[in-house]
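Just so you know, we're using my numbering here: the sequence shown kicks off at 4 and counts up by one. These notes are about the structure you will find just below.
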Amino acid sequence: MALRSQSMFWRIFRQLLGASRGRLTLALIALSSGAAISSALLNIDLDAEQKLTHEFRTLGANVVVAPPSAGSDAALADAAVMDRIAGLHAPQIVAAAPYLYVAANAGAQPVILAGTWFDQVAKMNSWWKVDGGWVSSRDDRLHCLVGQAAARQLGLMPGSHINLRAGEHDISLTVTGIVTTGGDEDSQIFTSLDTAQDLSELAGRVSLVQLSVSGTPSEMEAFASRLANALPGLDVRPVRQLTAAEGSILGRIRGLIFWTVILILALTTLGVLASMAALAMERSRDVGLMKALGGSVPRIMRLFLAEAGALGVMGGTIGFAAGVVLARWIGGRVFGVAISPRLEVFPLTIALTVGVALAGALPLRLLGRVRPAEILRGE
Numbered sequence: 004m005a006l007r008s009q010s011m012f013w014r015i016f017r018q019l020l021g022a023s024r025g026r027l028t029l030a031l032i033a034l035s036s037g038a039a040i041s042s043a044l045l046n047i048d049l050d051a052e053q054k055l056t057h058e059f060r061t062l063g064a065n066v067v068v069a070p071p072s073a074g075s076d077a078a079l080a081d082a083a084v085m086d087r088i089a090g091l092h093a094p095q096i097v098a099a100a101p102y103l104y105v106a107a108n109a110g111a112q113p114v115i116l117a118g119t120w121f122d123q124v125a126k127m128n129s130w131w132k133v134d135g136g137w138v139s140s141r142d143d144r145l146h147c148l149v150g151q152a153a154a155r156q157l158g159l160m161p162g163s164h165i166n167l168r169a170g171e172h173d174i175s176l177t178v179t180g181i182v183t184t185g186g187d188e189d190s191q192i193f194t195s196l197d198t199a200q201d202l203s204e205l206a207g208r209v210s211l212v213q214l215s216v217s218g219t220p221s222e223m224e225a226f227a228s229r230l231a232n233a234l235p236g237l238d239v240r241p242v243r244q245l246t247a248a249e250g251s252i253l254g255r256i257r258g259l260i261f262w263t264v265i266l267i268l269a270l271t272t273l274g275v276l277a278s279m280a281a282l283a284m285e286r287s288r289d290v291g292l293m294k295a296l297g298g299s300v301p302r303i304m305r306l307f308l309a310e311a312g313a314l315g316v317m318g319g320t321i322g323f324a325a326g327v328v329l330a331r332w333i334g335g336r337v338f339g340v341a342i343s344p345r346l347e348v349f350p351l352t353i354a355l356t357v358g359v360a361l362a363g364a365l366p367l368r369l370l371g372r373v374r375p376a377e378i379l380r381g382e
């Protein structure tokens with residue numbers, strides 16, 4: 004008897020899915036659309052932290068390692084600090100650039116010379132605007148980059164030659180590019196670290212080290228503590244304005260994604276409600292006949308709720324697949340990289356879509372009030 008009743012349930016269920024295809028298709032489109040947008044936003048949210056920290060790492064250093072005081076040779080750090088940093092084998096370090104600042108002269112004009120590793124500076128500051136090109140190698144002793152303010156003062160352009168003198172030493176360099184940063188770097192001349200050390204007779208010395216470190220603000224603080232323990236006698240200072248900005252922007256984006264998903268689900272529910280309300284009016288005669296044949300209200304409601312749940316599963320599956328494509332497109336346009344699909348988003352999307360479908364099926368509860376006698380009389 005139970006098997007016969009169950010068989011009858013599924014037979015009627017299949018017939019319901021085959022009937023009223025127009026209304027059900029509209030509900031499925033609404034569910035799939037809402038699921039696609041929600042799935043895309045959830046995928047982006049899970050990848051947002053990684054993508055944002057990757058983007059922030061192109062905005063410059065967020066950790067600085069320097070001697071405790073400045074203004075004398077004793078305040079300079081040993082260049083071996085770079086080996087000690089590399090020895091940490093920390094995957095959080097995106098780039099690490101040593102700097103040695105030297106007061107020099109270009110003819111009669113005093114200039115600030117910044118010796119560094121060009122490959123690391125380029126990785127750390129890809130947002131710098133360079134008229135010309137980067138110096139190709141960190142060991143290049145023949146070329147330099149010039150800040151745009153210094154270039155304007157000295158009348159330089161890409162391809163120009165500049166003679167620099169510090170103490171008893173001088174050197175002639177070719178300008179590879181003019182750098183515009185909007186900061187103090189615009190007044191500096193950038194050479195290889197070896198060039199600055201030779202010119203100032205400060206072999207094996209650096210003024211400071213700038214690091215670009217990936218991770219959340221709390222992870223960067225933890226790394227700074229680890230780095231300070233590994234470099235006793237040196238100050239390790241996170242650039243707190245930058246790390247605070249990262250945390251603030253990440254929090255705002257996540258808040259925006261959360262409320263957008265809530266709004267999309269609410270609008271999807273309204274769309275399903277409209278379709279289901281019209282569907283309830285169409286099915287009042289069918290429900291009256293079911294009741295007249297002895298069907299109980301709970302069993303009839305289970306039938307319609309199963310139909311709504313099936314629509315939710317189908318809409319969630321279609322929406323998740325479309326959401327992966329949409330997330331990749333948004334990732335490519337916003338972050339310049341593809342957003343990786345997260346499998347954990349699939350069950351979450353299904354659960355949300357089924358919940359929306361069941362909430363949208365509330366008008367079908369009105370079918371429980373249908374009176375068989377009135378339906379059979381054609382009222």
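Yeah, the Cβ is synthetic: ideal placement off N, Cα and C, and Gly gets one too.
CA-CA distance, MET127 and ALA38? 38 Å
From which residue to which residue does the alpha helix (DSSP H) around GLN95 run? Note, GLN95: premise wrong, no alpha helix (DSSP H); not H, not E.
Can you tell me the Cα-Cα spacing of ALA362 and ASP122, whole angstroms? 57 Å
Helix, strand or coil for LEU379? Go by DSSP, reduced to three states. Residue placement at LEU379 is flagged as unreliable, the pLDDT there being 49, under the threshold of 50; a coordinate-derived value is accordingly withheld.
Is the beta carbon of ALA82 sitting closer than 9 Å to the one on VAL209? yes
Short of 7 Å in beta carbon distance, which residues of its chain neighbour ARG7, apart from the five on each side in sequence? Order them along the chain. Low confidence applies to ARG7: its pLDDT is 47, below 50, so where it sits in the model is not reliable, and the reading given next is rough at best. There are no such residues.
Taking its Cβ as the centre, do 16 or more other Cβ atoms sit within 10 Å of THR271, making it buried, or is it exposed? buried
Ordered along the chain, which non-local residues of its own chain (more than five positions away) have a Cβ less than 8 Å from that of VAL316? ILE353, THR356 and VAL357
To which residues of the same chain is ASP173 closer than 7 Å at the C-beta, ignoring the five residues directly before and after it? ASN166 and LEU167
Residue span of the beta strand (DSSP E) that contains ALA169, given as start and end: 164–169
If you draw a straight line from the alpha carbon of TRP120 to that of PHE193, how long is it in whole angstroms? 9 Å
For ILE40 versus GLY319, is the C-beta distance shorter than 9 Å? no
Closest by C-alpha distance to ALA386, when choosing among SER42, VAL212 and ASN232: Because the chain spans 4 through 382 in this model, residue 386 falls outside it and cannot be assessed.
Take ALA69 as the anchor and find which of TRP332, PRO101, ILE47 and ASP86 has the nearest alpha-carbon. PRO101
Rounded to the nearest angstrom, what separates GLY135 and GLY185 at their Cα positions? 17 Å
ALA78 and ALA169 - do their beta-carbons sit closer together than 9 Å? no
Got a sec? Which residues, its chain only, sit under 6 Å from VAL328 by beta carbon, not counting five neighbours each side? none
Kindly indicate which three-state DSSP category VAL264 falls into: helix, strand or coil? helix
Within its chain, find whatever has a CB closer than 6 Å to the CB of VAL149; leave out the 5 residues flanking it on each side and keep chain order. LEU159, VAL178, ILE181 and ILE192
Check whether the region 222–230 touches the region 193–204, taking contact to mean three or more Cβ pairs, one atom from each stretch, closer than 8 Å. no
Residue interval of the beta strand (DSSP E) (run including ILE181): 172–183
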